[in-house]
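**Q**
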Amino acid sequence: MDTASPVTTEAAATEAALAVARIESEVIGDRRFEINVPAGYDGSKPVPLVVVLHGYTGSGSGAKAYFRLEAEARKRGFLTVYPDGIPDSSGNQFWNATDACCQFTATESDDSAFLTRLIDRVEEKFTVDPKRVYFAGHSNGGFMSYRMACEHADRIAAIVSVAGATFADVSVCKPSQPVSVLQVHGTSDTVISFTGGSILNTSYPAALTSVTTWAAYHGCGGSSEVGDGAKSLDLDDVVAGNDASVTLFADCPAGGAVALWTIDGGSHQPVLTAEFASSIMDFLLAHPKP
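Read left to right, the sequence shown gives residues 89 to 378 (our numbering).
1. Among the residues of its own chain, which have a CB less than 6 Å from the CB of A374, if the five just before and after it don't count?
2. If you count every other CB in all the chains shown that lies within 10 Å of the CB of T193, and 16 or more means buried, which is it?
3. Note down the Cα distance separating R162 from A109, rounded to an integer number of angstroms.
4. Work out the CA separation of D324 and T361 for me, nearest whole Å.
5. DSSP three-state label for A374, please.
6. Does DSSP put G234 in a helix, a strand or coil?
7. When DSSP labels each residue in this structure, what does H226 get in the three-state scheme?
8. Which complete beta strand (DSSP E) runs does the segment 110-134 hold, if anything under 3 residues is left out?
9. Using the C-alpha atoms, what's the distance from S320 back to D68?
10. In whole angstroms, what separates the C-alpha of A345 from that of T335?
11. If I'm right that G274 touches S367 with Cβ under 8 Å, what's the distance once you round it to whole angstroms?
12. Does S276 get closer than 8 Å to chain B when you measure Cβ to Cβ?
13. How many Å lie between F371 and H240 at the Cα?
14. Sort out for me which residues DSSP pairs W302 with in a bridge.
15. For S178, does the count of other Cβ atoms within 10 angstroms reach 16, so buried, or fall short, so exposed?
16. Would you identify the three-state DSSP class for S276, choosing helix, strand or coil?
17. Roughly how many angstroms separate the alpha carbons of S216 and A294, rounded to a whole number?
18. Using the C-alpha atoms, what's the distance from C261 back to F255?
19. Might you give, ordered along the chain, the residues of its own chain that have their beta carbon closer than 6 Å to the beta carbon of T290, omitting 5 neighbours on each side?
20. Around the Cβ of L77, are there at least 16 other Cβ atoms within 10 angstroms (buried) or fewer (exposed)?
21. Beta strand (DSSP E) containing A246: first to last residue?
22. Would you grab the beta carbon distance between C190 and Y144 for me? Rounded to a whole angstrom, and I think it's under 8 Å.
23. Do S447 and G343 have their C-beta atoms closer together than 8 Å?
24. Given a threshold of 16 other Cβ atoms within 10 Å of its Cβ, counted over all protein chains shown, does S113 qualify as buried or as exposed?
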């Protein structure tokens with residue numbers, strides 16, 4: 089005899105529905121990328137799109153495993169896409185992002201054009217909300233997310249950069265309209281320093297400088313730490329308790345919010361919590377194009 093209560097049965101059915109997603113593979117030239125389609129998608133209404141970019145030497149499948157966004161994607165009904173960079177002469181997959189990162193060999197790659205074509209391809213196949221196209225990336229993928237925001241501000245609503253940085257030369261980036269920006273960075277990152285540094289003698293800015301630069305692009309007001317600097321987010325499983333403080337900029341234009349989440353003691357590759365996934369999706373979905 090089945091003794092499960094109606095509430096339990098309904099919860100189980102809901103969980104089963106959330107667990108089902110369709111995965112499709114697409115190719116542009118010789119470059120494949122994976123599209124994850126939520127179970128409830130039927131094309132009847134526009135849905136958000138999040139393009140997730142791996143770090144140097146990484147892969148699309150690695151970025152999927154690292155960011156762990158799929159539970160949130162199924163719950164909230166958005167498309168996720170996981171592309172690969174191309175291998176350089178050392179065999180390491182990379183994105184040709186800013187001048188600092190990460191085309192280290194003679195291998196050429198117009199990743200700005202490739203990722204724009206990727207958006208086009210997804211929009212041809214699915215009903216994408218053009219006001220809710222987002223990028224998220226780790227390290228080299230974070231640098232590339234900034235480049236996409238610089239060069240395709242008309243297409244991209246918001247980005248999340250984890251341990252990346254924008255261009256050090258503020259004149260290189262000329263966003264045509266506001267793009268919301270969230271920088272997530274650990275203070276103990278020894279690869280891409282929280283306080284800025286250089287890669288092969290090419291400088292990249294500090295985490296706070298990156299967001300201050302974007303606040304200036306948008307004409308935002310000054311920054312302030314939420315809760316007087318109190319750690320209000322739990323983003324890194326390795327660091328006990330709430331480990332991240334939030335810095336926001338005031339008076340940003342519609343579609344141009346700017347924030348920094350600082351993980352106290354966080355490394356270059358923090359072990360991301362479930363709260364990280366839900367929190368960055370809260371940020372992205374709260375900041376569509378006007």
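Think of the CB as a built atom: it goes at the ideal place given N, C-alpha and C, for glycine as much as any other residue.
**A** For this structure:
1. Position 286 of the sequence shown, counting from 1, holds the residue named residue 374. Closer than 6 Å at the Cβ level, and outside the excluded window around A374, lies no residue.
2. Counting from one through the sequence shown, the residue named residue 193 turns up at place 105. Flag for T193 reads exposed.
3. Start at 1 with the first residue of the sequence shown, and residue 162 comes out as number 74. Start at 1 with the first residue of the sequence shown, and residue 109 comes out as number 21. CA-to-CA, the gap between R162 and A109 works out to about 7 Å.
4. Position 273 of the sequence shown, counted from the start, is the residue given in the question as residue 361. Position 236 of the sequence shown, counted from the start, is the residue given in the question as residue 324. Between T361 and D324, the C-alpha separation is close to 6 Å.
5. Within the sequence shown, residue 374 is the residue found at index 286, counting from 1. DSSP places A374 outside both helix and strand once states are collapsed to three, so it counts as coil.
6. As a first step, residue 234 must be located in the sequence shown, where it is residue number 146. According to the sequence as given, residue 234 is Tyr; it is not Gly. Of the three classes helix, strand and coil, the one that applies to Y234 here is helix, per DSSP.
7. For the purposes of this step, residue 226 is identified with residue 138 of the sequence shown, where counting begins at 1. Strand at H226.
8. 119-126
9. Outside the modelled stretch of the chain, which goes from 89 to 378, sits residue 68, for which no answer is possible.
10. The residue you call residue 345 lines up with position 257 of the sequence shown. The residue you call residue 335 lines up with position 247 of the sequence shown. When rounded, the distance between both Cα atoms is 11 Å.
11. Locating residue 274 in the sequence shown gives position 186, where the first residue counts as 1. Locating residue 367 in the sequence shown gives position 279, where the first residue counts as 1. Going by Cβ atoms, the distance from G274 to S367 rounds to 15 Å, so no, they are not a contact pair.
12. The structure shown contains no chain B; it is built from a single protein chain.
13. Counting from 1 along the sequence shown, the entry for residue 371 is found at position 283. Counting from 1 along the sequence shown, the entry for residue 240 is found at position 152. Going by the C-alpha atoms only, they are around 20 Å apart.
14. In the sequence shown, residue 302 corresponds to position 214, counting from 1. DSSP lists no partner for W302.
15. The sequence position of residue 178 within the sequence shown is 90, counting from 1. S178 should be labelled exposed.
16. Reading the sequence shown from its first residue, position 188 is the one you call residue 276. Coil, per DSSP.
17. What you label residue 216 is simply residue 128 of the sequence shown in a count that begins at 1. What you label residue 294 is simply residue 206 of the sequence shown in a count that begins at 1. It should be noted that the sequence gives Val, not Ser, for residue 216. Going from the Cα of V216 to the Cα of A294 covers about 34 Å.
18. In the sequence shown, the residue the question calls residue 255 occupies position 167. In the sequence shown, the residue the question calls residue 261 occupies position 173. For F255 and C261, the distance between alpha carbons rounds to 7 Å.
19. To locate residue 290, count along the sequence shown from 1; it is residue 202. So the qualifying residues of the chain are D187, A188.
20. A query on residue 77 cannot be resolved here, the shown segment of the chain reaching from 89 to 378 and no further.
21. Here residue 246 corresponds to residue number 158 of the sequence shown, with the count starting at 1. 246-250 is the span of the beta strand (DSSP E), which, as asked, contains A246.
22. Locating residue 190 in the sequence shown gives position 102, counting from the first residue. Locating residue 144 in the sequence shown gives position 56, counting from the first residue. C190 to Y144, Cβ: 4 Å. Contact.
23. The requested residue 447 does not occur in the structure, where the chain is confined to residues 89 to 378.
24. Indexing the sequence shown from 1 puts residue 113 at position 25. S113 should be labelled exposed.
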